[in-house]
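Residue numbers (my numbering): 15 to 158.
Now the structure itself:
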(Lines of atoms letter the chains of each structure in order from A and count residues from 1; the text may use other names and numbers.)
(Lines give C-alpha, C1' and ligand atoms only; values in the text may rest on other atoms or scores of the structure.)
Protein backbone atom coordinates (compact mmCIF):
# COMPACT_ATOMS: atom_id res chain seq x y z
CA UNK A 1 0.00 0.00 0.00
CA UNK A 2 1.41 3.30 -1.00
CA UNK A 3 0.25 6.54 0.50
CA UNK A 4 1.45 8.54 -2.49
CA UNK A 5 4.57 9.78 -0.77
CA UNK A 6 7.57 8.01 -2.14
CA UNK A 7 10.79 8.85 -0.33
CA UNK A 8 14.32 8.51 -1.64
CA UNK A 9 17.26 8.70 0.75
CA UNK A 10 20.69 9.43 -0.63
CA UNK A 11 23.67 9.36 1.69
CA UNK A 12 26.81 11.30 0.82
CA UNK A 13 29.86 11.09 3.03
CA UNK A 14 31.05 14.28 4.72
CA UNK A 15 34.54 13.53 3.38
CA UNK A 16 33.20 14.11 -0.11
CA UNK A 17 31.10 17.19 0.65
CA UNK A 18 33.41 19.04 3.07
CA UNK A 19 36.29 19.78 0.62
CA UNK A 20 33.81 21.05 -1.98
CA UNK A 21 32.14 23.40 0.51
CA UNK A 22 35.49 24.63 1.85
CA UNK A 23 36.73 25.35 -1.68
CA UNK A 24 33.55 27.28 -2.51
CA UNK A 25 33.84 29.37 0.69
CA UNK A 26 37.52 30.12 0.04
CA UNK A 27 36.75 31.10 -3.56
CA UNK A 28 33.96 33.44 -2.41
CA UNK A 29 36.23 35.10 0.18
CA UNK A 30 39.06 35.56 -2.33
CA UNK A 31 36.75 37.04 -4.94
CA UNK A 32 35.25 39.43 -2.36
CA UNK A 33 38.70 40.60 -1.33
CA UNK A 34 39.71 41.28 -4.89
CA UNK A 35 42.31 38.52 -4.72
CA UNK A 36 44.52 40.81 -2.58
CA UNK A 37 45.44 39.16 0.74
CA UNK A 38 46.69 42.56 1.99
CA UNK A 39 43.07 43.74 2.25
CA UNK A 40 42.23 40.81 4.52
CA UNK A 41 45.37 41.33 6.62
CA UNK A 42 44.59 45.04 7.07
CA UNK A 43 41.02 44.26 8.12
CA UNK A 44 42.14 41.62 10.62
CA UNK A 45 44.79 43.90 12.17
CA UNK A 46 42.37 46.84 12.33
CA UNK A 47 39.77 44.68 14.06
CA UNK A 48 42.26 43.21 16.54
CA UNK A 49 43.71 46.59 17.53
CA UNK A 50 40.34 48.32 17.84
CA UNK A 51 38.57 45.51 19.72
CA UNK A 52 37.13 46.82 23.00
CA UNK A 53 38.89 45.40 26.04
CA UNK A 54 39.28 46.03 29.76
CA UNK A 55 42.25 47.97 31.11
CA UNK A 56 44.44 44.84 31.00
CA UNK A 57 43.82 44.29 27.29
CA UNK A 58 41.48 41.32 27.76
CA UNK A 59 37.97 41.13 26.43
CA UNK A 60 35.70 40.95 29.44
CA UNK A 61 32.31 39.29 29.55
CA UNK A 62 31.00 42.56 30.93
CA UNK A 63 30.66 45.23 28.24
CA UNK A 64 30.92 47.82 31.03
CA UNK A 65 34.58 46.86 31.59
CA UNK A 66 35.43 46.93 27.87
CA UNK A 67 36.18 50.68 27.74
CA UNK A 68 39.48 50.70 25.86
CA UNK A 69 40.66 49.51 22.49
CA UNK A 70 43.29 46.80 22.69
CA UNK A 71 45.89 49.27 21.43
CA UNK A 72 44.96 51.86 24.11
CA UNK A 73 45.13 49.23 26.84
CA UNK A 74 48.55 48.00 25.71
CA UNK A 75 49.98 51.53 25.42
CA UNK A 76 48.65 52.46 28.88
CA UNK A 77 50.05 49.27 30.37
CA UNK A 78 53.47 49.74 28.77
CA UNK A 79 53.72 53.38 29.84
CA UNK A 80 52.74 52.49 33.40
CA UNK A 81 55.29 49.69 33.53
CA UNK A 82 58.06 51.96 32.24
CA UNK A 83 57.04 54.69 34.71
CA UNK A 84 57.15 52.12 37.53
CA UNK A 85 60.65 51.07 36.45
CA UNK A 86 61.81 54.70 36.25
CA UNK A 87 60.50 55.46 39.76
CA UNK A 88 62.09 52.31 41.19
CA UNK A 89 65.41 53.24 39.55
CA UNK A 90 65.20 56.81 40.87
CA UNK A 91 64.41 55.53 44.36
CA UNK A 92 67.28 53.03 44.26
CA UNK A 93 69.73 55.67 43.06
CA UNK A 94 68.68 58.05 45.85
CA UNK A 95 67.98 55.57 48.64
CA UNK A 96 70.45 57.14 51.10
CA UNK A 97 69.15 60.68 50.47
CA UNK A 98 65.55 59.50 50.92
CA UNK A 99 66.39 57.65 54.14
CA UNK A 100 68.16 60.76 55.52
CA UNK A 101 65.18 62.98 54.66
CA UNK A 102 62.71 60.54 56.27
CA UNK A 103 64.78 60.45 59.47
CA UNK A 104 65.00 64.24 59.48
CA UNK A 105 61.21 64.56 59.13
CA UNK A 106 60.51 61.96 61.81
CA UNK A 107 62.96 63.54 64.24
CA UNK A 108 61.55 67.04 63.77
CA UNK A 109 59.10 68.35 66.34
CA UNK A 110 56.25 68.28 63.84
CA UNK A 111 57.11 64.71 62.74
CA UNK A 112 57.29 63.48 66.33
CA UNK A 113 53.98 65.20 67.04
CA UNK A 114 52.34 63.44 64.11
CA UNK A 115 53.69 60.05 65.18
CA UNK A 116 52.48 60.60 68.74
CA UNK A 117 49.10 61.76 67.48
CA UNK A 118 48.78 58.68 65.25
CA UNK A 119 49.67 56.38 68.16
CA UNK A 120 47.20 58.07 70.52
CA UNK A 121 44.41 58.06 67.93
CA UNK A 122 45.05 54.39 67.13
CA UNK A 123 44.93 53.46 70.81
CA UNK A 124 41.77 55.51 71.39
CA UNK A 125 40.00 53.90 68.42
CA UNK A 126 41.00 50.41 69.49
CA UNK A 127 39.77 51.08 73.06
CA UNK A 128 36.30 51.78 71.68
CA UNK A 129 36.17 48.30 70.18
CA UNK A 130 33.95 45.73 71.88
CA UNK A 131 36.90 43.33 71.76
CA UNK A 132 39.68 43.17 74.36
CA UNK A 133 42.46 45.65 73.69
CA UNK A 134 45.97 45.31 75.07
CA UNK A 135 48.49 48.11 74.65
CA UNK A 136 52.19 47.83 75.46
CA UNK A 137 54.51 50.81 75.07
CA UNK A 138 58.25 50.46 75.54
CA UNK A 139 61.05 52.97 75.13
CA UNK A 140 64.65 52.06 74.62
CA UNK A 141 67.59 54.40 74.47
CA UNK A 142 69.86 53.91 71.52
CA UNK A 143 73.17 52.23 72.29
CA UNK A 144 76.22 54.27 71.44
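Every residue gets a Cβ at the ideal spot worked out from N, C-alpha and C, and that includes glycine.
Query	Result
Between the CA atoms of residue 62 and residue 138 - distance to the nearest angstrom	56 Å
Backbone secondary structure at residue 148 - three-state DSSP	coil
Local conformation of residue 21 per DSSP, three classes	coil
Whether residue 45 touches residue 70 by CB criterion (9 Å)	no
Backbone secondary structure at residue 155 - three-state DSSP	coil
Unbroken stretches of the beta strand (DSSP E), 3 residues or longer, contained in the segment 61-146	none
Three-state secondary structure assigned by DSSP to residue 53	helix
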